[in-house]
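A.B. asks: This is the structure I want to talk about, given as structure tokens.
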Amino acid sequence: MSDDPVKKAVAVKYDKEVADAPLIVASGKGQLAENIIQAAEKAGLEISHDPDLVELLAKIPVGSEIPSELYQAVAEILAYVYRVNKSHKEQR
Numbered sequence: 002m003s004d005d006p007v008k009k010a011v012a013v014k015y016d017k018e019v020a021d022a023p024l025i026v027a028s029g030k031g032q033l034a035e036n037i038i039q040a041a042e043k044a045g046l047e048i049s050h051d052p053d054l055v056e057l058l059a060k061i062p063v064g065s066e067i068p069s070e071l072y073q074a075v076a077e078i079l080a081y082v083y084r085v086n087k088s089h090k091e092q093r
């Protein structure tokens with residue numbers, strides 16, 4: 002038996018014209034998590050690593066809005082991602 006934890010990944014998207022809160026657009030563990038990460042990398046999306054938040058978000062069904070209790074944590078990550086993306090665009 003391996004002591005390595007099973008890899009988990011959750012993809013979150015926020016479009017204020019579609020929903021009032023960020024949506025879970027993909028979630029999985031093991032090979033599915035690897036596929037989610039690879040798809041994000043291939044699309045040039047920023048990836049944030051927060052195992053505790055992933056554990057919470059992984060319990061939410063795909064297609065659902067995140068609960069209000071997680072707004073602050075997700076908002077901090079989205080703000081970071083937006084800053085990084087803006088920086089990358091300005092460097093081009």
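Residue 69 in our numbering is what sits at position 68 of the sequence shown, and the numbering runs on without skipping anything.
Built from N, CA and C at the ideal position, the CB exists for glycine as well.
Values in this document were obtained by computation on a predicted structure and should not be read as measured data.
What is the DSSP secondary structure of E42, reduced to helix, strand or coil?
C.D. replies: Residue state, collapsed to three classes: helix.
A.B. asks: Closer than 6 Å by C-beta to I94: which residues in its own chain qualify, once you throw out the five before and the five after it? Chain order, please.
C.D. replies: No answer is possible for residue 94: the residues shown for the chain start at 2 and end at 93.
A.B. asks: Thinking just about the alpha-carbon of each residue, which of L58, A10, S49, Y81 is nearest to the one in E70?
C.D. replies: Taking only the C-alpha atoms, the option nearest E70 is L58.
A.B. asks: V63 to I25, Cα distance in whole Å?
C.D. replies: V63 and I25: Cα-Cα distance of roughly 5 Å.
A.B. asks: Using a Cβ-Cβ cut-off of 7 Å (strictly less than) and excluding sequence neighbours within five positions of G31, which residues of its own chain qualify?
C.D. replies: Once the five neighbours on either side are set aside, the close Cβ partners of G31 are V7, K8.
A.B. asks: Using a 10 Å radius around the Cβ and a threshold of 16 neighbouring Cβ atoms, would you call A34 buried or exposed?
C.D. replies: Its Cβ being crowded by 16 or more others within 10 Å, A34 is buried.
A.B. asks: Just mark A80 as buried or exposed, buried being the case when its beta carbon has 16 or more other beta carbons within 10 Å.
C.D. replies: Looking at its Cβ environment, which holds fewer than 16 other Cβ atoms inside 10 Å, A80 is exposed.
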